[in-house]
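K.L.:
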Amino acid sequence: MQRAYVDESEPGGGRDHTAYLLAAVVIDLDEEPDARRAVEHLRPTRMRKLHWYEALTAQRISWLDLLRRAVEILVIRYDGVAARPERRRRRCLERLVHELDLRGVRHLVFESRGPHADRSDQKMIDTMRARGLGVHLRHEHRRGTDEPLLALADVACGAHGSGVLTDTLRVRELLVS
Numbered sequence: 235m236q237r238a239y240v241d242e243s244e245p246g247g248g249r250d251h252t253a254y255l256l257a258a259v260v261i262d263l264d265e266e267p268d269a270r271r272a273v274e275h276l277r278p279t280r281m282r283k284l285h286w287y288e289a290l291t292a293q294r295i296s297w298l299d300l301l302r303r304a305v306e307i308l309v310i311r312y313d314g315v316a317a318r319p320e321r322r323r324r325r326c327l328e329r330l331v332h333e334l335d336l337r338g339v340r341h342l343v344f345e346s347r348g349p350h351a352d353r354s355d356q357k358m359i360d361t362m363r364a365r366g367l368g369v370h371l372r373h374e375h376r377r378g379t380d381e382p383l384l385a386l387a388d389v390a391c392g393a394h395g396s397g398v399l400t401d402t403l404r405v406r407e408l409l410v411s
């Protein structure tokens, strides 16, 4: 069995209303304890959680190796007309749920963005289920400080946005508009 850990990024620091990234790092459940230990081992003591944009270049490079623990990395990129962040997120999330369904992944962990935004994700998933998509998918929201594996999705987003996410890491980029 596998679980997907998900985080997002808005390229351009949120000023580019035509782009949005949603990264899912798919991990085998048997690999999770070792992967958590590896993330915690590389987390600098000054950081509450491993976070791409707070890191030095040398740290970022060493973190890329953590992504080798993934079965697959899915990067869903919204690249379309200007839209509000939640609309761009919904478009990416719809494609992500479809892709996870195809792969038989049944558990999804989002990094929490706060109660209001988490409820928005719940509503979107409920809407997709009503249309027959993601019917068997369980999901939860966790704080990044409570679930180290969410850092893998953060690293995938940051590395993709920086152009350093390599094909050797089983990355699949999918575009939505």
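Take the sequence shown: its position 74, counted from the start at 1, is 308 in the working numbering, and no numbers get skipped.
Just so you know, even glycine gets a beta-carbon here, dropped at the ideal spot from N, CA and C.
1) Whose CA, out of 291, 328, 373 and 293, lies closest to the CA of residue 311?
2) In angstroms with no decimal places, state the Cα-to-Cα distance between residue 357 and residue 241.
3) Residue 300 and residue 406: beta carbons closer than 8 Å?
4) Assuming residue 408 is part of the beta strand (DSSP E), what are its boundary residues?
5) CA-CA distance, residue 349 and residue 292?
6) Whole angstroms is fine: what's the gap from residue 389's alpha carbon to residue 366's?
7) Compute the Euclidean distance between the alpha carbons of residue 244 and residue 384, then round it to the nearest angstrom.
8) Which residue's Cα is closest to the Cα of residue 346: 322, 391, 381 and 306?
9) Would you mind reading off the limits of the beta strand (DSSP E) that contains residue 243?
10) Would you kindly report the start and end of the unbroken beta strand (DSSP E) that includes residue 376?
11) Decide if residue 295 is buried, meaning its Cβ has at least 16 other Cβ atoms within 10 Å, or exposed.
12) For residue 364, count the other beta carbons within 10 Å of its own beta carbon; 16 or more makes it buried, fewer makes it exposed. Which is it?
13) Indicate the three-state DSSP secondary structure (helix, strand or coil) for residue 317 in the structure shown.
14) Given a cut-off of 8 Å on the beta-carbon distance, is the pair residue 314 and residue 252 in contact?
15) Under the three-state reduction of DSSP, which class applies to residue 341: helix, strand or coil?
16) Can you give me the C-alpha to C-alpha distance between residue 391 and residue 410, rounded to a whole angstrom?
17) Cα-Cα, which of 322, 368, 344 and 321 is closest to residue 332?
18) Does residue 281 pass the burial test, meaning 16 or more other C-beta atoms within 10 Å, or should it be called exposed?
P.N.:
In short, the structure shows the following:
1) Ranked by how close their Cα comes to the Cα of residue 311, the residues 291, 328, 373 and 293 have 328 in first place.
2) Computed Cα separation, rounded: 18 Å.
3) Not a contact, by the Cβ cut-off of 8 Å.
4) Taken as a continuous stretch (DSSP letters only), the beta strand (DSSP E) holding residue 408 covers 405-410.
5) Straight-line Cα distance between these residues: approximately 34 Å.
6) Using only the alpha carbons, I get a separation of about 31 Å.
7) Spanning the two alpha carbons is a distance of roughly 17 Å.
8) Among 322, 391, 381 and 306, the Cα nearest to that of residue 346 is on 381.
9) From DSSP, the beta strand (DSSP E) with residue 243 extends over 236-243.
10) Taken as a continuous stretch (DSSP letters only), the beta strand (DSSP E) holding residue 376 covers 372-376.
11) That one is exposed.
12) Looking at its Cβ environment, which holds fewer than 16 other Cβ atoms inside 10 Å, residue 364 is exposed.
13) Judged by DSSP in its simplified three-state form, residue 317 adopts coil rather than helix or strand.
14) Yes, these two residues count as a Cβ contact at 8 Å.
15) Reduced to three states, the DSSP call for residue 341 is strand.
16) Cα to Cα, the separation comes out at about 16 Å.
17) Residue 368 is the option with its Cα nearest to residue 332.
18) By the neighbour-count criterion, in which a residue is buried when 16 or more other Cβ atoms sit within 10 angstroms of its Cβ, residue 281 is exposed.
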